[in-house]
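**Q** Which chain is which? The protein sequence lines are A and B, in order. End of the first sequence sits at 409 in this note's numbering; the numbers just go up one at a time, nothing left out. End of the second sequence sits at 212 in this note's numbering; the numbers just go up one at a time, nothing left out. Just so it is clear, CB atoms sit at the ideal spot from N, CA and C, and this is done for glycine as well. Since this is a predicted model, take the numbers as computed values, not measurements. Here you go, one structure.
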Amino acid sequence: MTSVSSGDTAWVLASTALVMLMTPGLALFYGGLVRRKNVLSVMMYCLGAYAVVSLVWVLLGFSLVFGRDLHGFIGSLGYAGLRGLGIGTVWHGTRIPALAFVGFQSVFAAIATAIIASAIAEKGRVDSWLLFSALWVLLVYSVIGHWLWGGGWASRLGAIDFAGGMVVHIASGFSALALALVAGKRRGVNSVEPVPHNLPLVLTGTGLLWFGWLGFNAGSALAANGLAANALLVTNIAASAGGLAWALAAWLNHGRPGSVAFASGAVAGLVAITPAAGYVGPLAAMLIGAVAGMWSYYWVSYRIRHGLDEVLDAWAVHGMSGVWGSIATAIFADPSVNSVKGLIYGNVHLFLAQLAATAASIAWAFAASYALAWLVAKTLGWRIPEQAEYIGLDLSELGEEAYETLPS
Amino acid sequence: MSKLVIAFIRSEKLEAVKKALEAIGVPGMTVLEVHGRGEEKGIELTYRGKRIHIDLIPRIQLEVIVDDDSLVDRVINAIAGAAYTGNPGDGRIIVLGIEKSLRIREYGAKLSAEKHA
């Protein structure tokens with residue numbers, strides 16, 4: 002029986018608080034990108050999903066990911082309601098309390114869910130979204146989480162995902178694509194591009210995401226050690242490279258770099274380094290981040306060209322850079338960081354295992370989310386009356402306005 | 096005589112109205128974000144078993160100065176055609192006579208020429 006390390010525990014608790022701040026950060030990022038009449042509803046999608054998942058996670062989600070393995074597919078319900086996890090329990094394979102691990106994983110599941118709100122921004126019912134959030138975390142996130150982190154088939158095959166390239170970003174990104182296809186296009190918008198009302202909110206949100214992401218990736222070491230330090234450093238590098246790369250791509254294509262371009266690129270870089278943060282060094286991180294910035298820029302343009310109203314680009318940024326990061330992990334894994342060899346060190350097996358896990362994550366996230374979104378569409382429904390959409394979701398869904406001061 | 100055309104329109108119709116005015120050669124305009132209501136006293140929406148009342152609705156107020164009187168009807172037609180939906184709340188167009196209308200650039204140039212003369 003290993004004992005608890007106070008240093009490891011302190012770092013994981015602090016990281017949990019850092020990751021928590023990512024959800025309000027995402028709320029600001031998304032909130033600034035929509036029109037002023039919808040900012041509150043979009044922010045509440047994020048915060049509401051956070052609260053729903055925090056509860057569902059303790060009741061069932063944690064157990065589905067980390068419970069005893071059932072056929073490599075999902076965890077058992079042995080930990081449902083956190084049964085058997087007391088304040089004295091040390092989480093296996095670590096020197097932190099099991100409850101610290103539960104809390105850390107809880108804020109991961111919450112931000113992953115909140116990311117999907119991109120798909121229904123400016124159009125989706127709040128109650129339908131909260132129902133979807135609860136179902137999604139149990140039937141999509143928990144399944145893929147178990148495959149990679151709970152001892153499921155993908156991890157046994159040898160696939161690796163340090164902090165959630167597949168579990169968090171591919172899962173949320175491709176689920177957003179499925180949800181957008183089910184929910185349909187916004188009415189009264191001339192194109193599928195978002196119409197930002199407050200870019201300083203977007204940039205503030207980006208800063209908070211970046212800040213929290215240091216805990217997201219470095220906390221995933223589950224220890225206060227050199228691996229955590231490496232993860233923190235490469236995370237910061239990839240974010241910087243991604244922001245500059247996307248801004249450069251926008252500069253070359255439109256003659257101006259743009260603040261949203263920089264912000265989106267930083268997030269793409271952060272996404273791409275997430276699966277790799279515990280396996281690659283600083284120089285590979287620059288490349289991973291820079292490619293992510295260009296790559297997701299391409300997919301945002303692709304989405305707009307094809308008229309897909311996945312409003313805030315969770316698919317193009319989180320989904321597609323999640324794919325790139327997961328594959329890049331298998332290419333650049335450096336044995337001097339974490340004794341895992343990537344393709345450039347001659348390890349073909351990891352590369353193939355990673356391709357299989359990535360493809361399976363995409364397929365499960367898209368298909369299961371499509372089915373869940375369809376189910377919600379057929380029961381509660383996703384859309385509000387056209388007139389209510391014109392007035393804005395803040396007034397019609399919440400009965401509030403963000404900035405208006407006139408008495409009504 | 097110059098006329099001032101003021102139109103209260105749905106916010107989402109601004110782009111269409113702009114294009115329609117451009118098409119008849121009237122690109123200049125001033126746009127204000129306003130709140131207002133008509134005879135229906137706002138909007139009563141019923142959905143999901145609940146009624147919500149929105150008293151003052153965000154709208155766009157568009158002001159166009161028309162220097163050539165013969166253009167006024169075409170401006171009215173362009174705005175009304177582009178802003179029409181057939182539902183209550185499509186808005187209103189009013190036309191006011193302008194007592195005086197001058198461009199600051201031209202008038203200012205005249206002033207400064209006189210000063211230096």
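Using the three-state DSSP reduction, which class does A:G89 fall into: helix, strand or coil?
**A** By one-based count along the first sequence, residue 89 of chain A stands at place 88. Residue state, collapsed to three classes: coil.
**Q** So, is B:F103 buried or exposed, given that buried needs 16 or more other C-beta atoms within 10 angstroms?
**A** Locating residue 103 of chain B in the second sequence gives position 8, where the first residue counts as 1. Under the 10 Å beta carbon count, B:F103 is surrounded by 16 or more other beta carbons and is classified as buried.
**Q** Helix or strand or just coil, what does DSSP make of A:V1?
**A** With chain A covering 2 to 409 only, the question about residue 1 of chain A has no answer from this structure.
**Q** Can you find a C-beta in chain A that's less than 8 angstroms from the C-beta of B:L197?
**A** Translated into positions along the second sequence, residue 197 of chain B becomes position 102. No - not a single Cβ of chain A is within 8 angstroms of the one on B:L197.
**Q** Using a Cβ-Cβ distance cut-off of 8 angstroms, determine whether A:Q106 contacts chain B.
**A** For this step, residue 106 of chain A is matched to residue 105 along the first sequence. No, its Cβ sits nowhere closer than 8 angstroms to a Cβ of chain B.
**Q** Could you confirm whether any beta carbon from chain B is found closer than 8 angstroms to the beta carbon of A:L41?
**A** To locate residue 41 of chain A, count along the first sequence from 1; it is residue 40. Cβ-Cβ to chain B under 8 angstroms: no for A:L41.
**Q** Check this for me: beta carbons of A:R304 and A:A317, under 8 angstroms apart or not?
**A** Taking the first residue of the first sequence as position 1, residue 304 of chain A is located at position 303. Taking the first residue of the first sequence as position 1, residue 317 of chain A is located at position 316. Taking 8 angstroms as the Cβ cut-off, A:R304 and A:A317 qualify as a contacting pair.
**Q** Which residues bound the beta strand (DSSP E) around B:V128?
**A** Counted from its first residue, the second sequence places residue 128 of chain B at position 33. According to the sequence as given, residue 128 of chain B is Glu; it is not Val. 125 to 131 is the span of the beta strand (DSSP E), which, as asked, contains B:E128.
**Q** Can you check which of these residues, A:G73, A:V103, A:T95, A:G94, is closest to A:L86 by C-alpha distance?
**A** Here residue 86 of chain A is taken as the residue at index 85 of the first sequence, counted from 1. Comparing Cα-Cα distances from A:L86 to each of A:G73, A:V103, A:T95, A:G94, the minimum goes to A:V103.
**Q** Let me confirm a value: A:N237 is counted as buried when at least 16 other C-beta atoms fall within 10 Å, else exposed. Which label applies?
**A** The residue labelled residue 237 of chain A in the question sits at position 236 within the first sequence. Classification for A:N237: buried.
**Q** Taking 8 angstroms as the threshold, find out whether the region 197 to 209 of chain A comes into contact with the region 247 to 256 of chain A through three or more Cβ pairs.
**A** The answer is no - the region 247 to 256 of chain A does not touch the region 197 to 209 of chain A, with fewer than three Cβ pairs under 8 angstroms.
**Q** Listed from N- to C-terminal order along the chain, which residues in the region 127 to 140 of chain B have their beta-carbon within a distance smaller than 9 angstroms of any beta-carbon of chain A?
**A** Per Cβ criterion, the list reads H130, G137, I138, L140.
**Q** Between A:S129 and chain E, is the shortest Cβ-Cβ distance under 8 angstroms, so that the two count as touching?
**A** Note that chain E does not occur in the displayed structure, where the protein chains are A and B.
**Q** Does any C-beta atom of chain B lie closer than 8 angstroms to the C-beta of A:A389?
**A** Locating residue 389 of chain A in the first sequence gives position 388, where the first residue counts as 1. Yes - at least one Cβ of chain B is within 8 angstroms of the one on A:A389.
**Q** Along the chain, where does the alpha helix (DSSP H) that runs through A:L200 open and close?
**A** Residue 200 of chain A sits at position 199 when you count from the first residue of the first sequence. Run containing A:L200: 200 to 219, per the alpha helix (DSSP H) assignment.
**Q** Answer with buried or exposed for A:K124, where buried requires no fewer than 16 other C-beta atoms within 10 angstroms of its C-beta.
**A** Taking the first residue of the first sequence as 1, we reach residue 124 of chain A at position 123. Buried.
**Q** Taking the alpha helix (DSSP H) that A:A110 falls in, what are its first and last residues?
**A** Position 109 of the first sequence holds residue 110 of chain A. It spans 99 to 116 - the alpha helix (DSSP H) in which A:A110 sits, taken as one unbroken run.
**Q** Any idea which residues DSSP pairs A:A357 with across the strands?
**A** The count along the first sequence starts at 1 and reaches residue 357 of chain A at position 356. Partner(s): none; A:A357 has no beta bridge.
**Q** Going by beta-carbon coordinates alone, are A:A357 and A:A160 separated by less than 8 angstroms?
**A** Working through the first sequence from its first residue, we reach residue 357 of chain A at position 356. Working through the first sequence from its first residue, we reach residue 160 of chain A at position 159. Note that the C-beta distance between A:A357 and A:A160 is below 8 angstroms.
**Q** Just to confirm my understanding: we take A:G152, look at its own chain, exclude 5 residues before and 5 after, and list those with CB closer than 7 angstroms. What are they?
**A** Stepping through the first sequence from its first residue, residue 152 of chain A is reached at position 151. Cβ-Cβ distances below 7 angstroms link A:G152 to D70 in the same chain, with the five nearest sequence neighbours on each side left out; the list follows chain order.
**Q** Would you give the residue range spanned by the alpha helix (DSSP H) that B:H211 belongs to?
**A** As a first step, residue 211 of chain B is located in the second sequence; it is residue number 116 there, counting from the start. For B:H211, the enclosing alpha helix (DSSP H) has its first and last residue at 199 to 211.
**Q** Over the uninterrupted alpha helix (DSSP H) stretch that includes A:A232, give me the two end residues.
**A** Along the first sequence, read from residue 1 onward, the residue named residue 232 of chain A stands at position 231. Segment 227 to 255, the alpha helix (DSSP H) holding A:A232.
**Q** Whole angstroms is fine: what's the gap from A:H319's alpha carbon to A:V272's?
**A** As a first step, residue 319 of chain A must be located in the first sequence, where it is residue number 318. As a first step, residue 272 of chain A must be located in the first sequence, where it is residue number 271. Going by the C-alpha atoms only, they are around 6 angstroms apart.
**Q** Along chain B, in chain order, which residues have C-beta atoms closer than 7 angstroms to that of A:L396?
**A** In the first sequence, the residue the question calls residue 396 of chain A occupies position 395. Chain B residues near A:L396: I149.
**Q** Cutting at 7 angstroms between CB atoms, please list the residues of its own chain near B:D164, excluding the five before and the five after it.
**A** Working through the second sequence from its first residue, we reach residue 164 of chain B at position 69. Closer than 7 angstroms at Cβ, skipping near neighbours: M96, K98.
**Q** Shortest alpha-carbon distance to A:S327 belongs to which of A:E398, A:V54, A:V377, A:V169?
**A** By one-based count along the first sequence, residue 327 of chain A stands at place 326. Per the Cα distances, A:V169.
**Q** Does the beta-carbon of B:V126 have 16 or more other beta-carbons within 10 angstroms, so that it is buried, or is it exposed?
**A** Within the second sequence, numbered from 1, the residue matching residue 126 of chain B stands at position 31. It counts as exposed.
**Q** So A:P276 packs on A:G165, CB below 8 angstroms; how close in whole Å?
**A** Here residue 276 of chain A refers to the residue found at position 275 of the first sequence. Here residue 165 of chain A refers to the residue found at position 164 of the first sequence. With a Cβ gap of about 7 angstroms, A:P276 and A:G165 count as contacting.
**Q** If the cut is a Cβ gap below 9 angstroms, which residues of chain B does A:P197 touch?
**A** Within the first sequence, numbered from 1, the residue matching residue 197 of chain A stands at position 196. Here the premise fails: no neighbours, minimum Cβ distance about 16 angstroms.
**Q** Are the C-beta atoms of B:E117 and some chain A residue less than 8 angstroms apart?
**A** The residue labelled residue 117 of chain B in the question sits at position 22 within the second sequence. Judged by the 8 angstroms Cβ criterion, B:E117 is not in contact with chain A.
**Q** Measuring CA to CA, which of A:A267, A:A403, A:S397 is closest to B:H148?
**A** Residue mapping note: residue 148 of chain B aligns to position 53 of the second sequence, counting from 1. With distances taken between Cα atoms, B:H148 lies closest to A:S397.
**Q** Please give me, in chain order, every unbroken run of the alpha helix (DSSP H) with length at least 4 that falls completely inside the region 151 to 206 of chain B.
**A** 167 to 178
**Q** Do we get a CB-CB distance below 8 angstroms when we pair B:K152 with the residues of chain A?
**A** Within the second sequence, numbered from 1, the residue matching residue 152 of chain B stands at position 57. Looking at the sequence itself, residue 152 of chain B is Ile, so the reference to Lys does not match. So yes, B:I152 belongs to the interface.
**Q** Quick check: is the beta carbon of B:E158 nearer than 8 angstroms to any beta carbon in chain A?
**A** For the purposes of this step, residue 158 of chain B is identified with residue 63 of the second sequence, where counting begins at 1. The beta carbon of B:E158 does not come within 8 angstroms of any beta carbon belonging to chain A, so the residue lies off that interface.
**Q** Leaving out five residues on either side along the sequence, give the residues of the same chain with a beta carbon under 6 angstroms from the beta carbon of A:M287.
**A** Along the first sequence, read from residue 1 onward, the residue named residue 287 of chain A stands at position 286. For A:M287, where only same-chain residues beyond five positions count, the Cβ hits under 6 angstroms are I238, A242.
**Q** Under DSSP, the alpha helix (DSSP H) around B:K114 begins and ends at which residues?
**A** Taking the second sequence and counting its residues from 1, one reaches residue 114 of chain B at position 19. Per DSSP, B:K114 belongs to the alpha helix (DSSP H) from 109 to 118.
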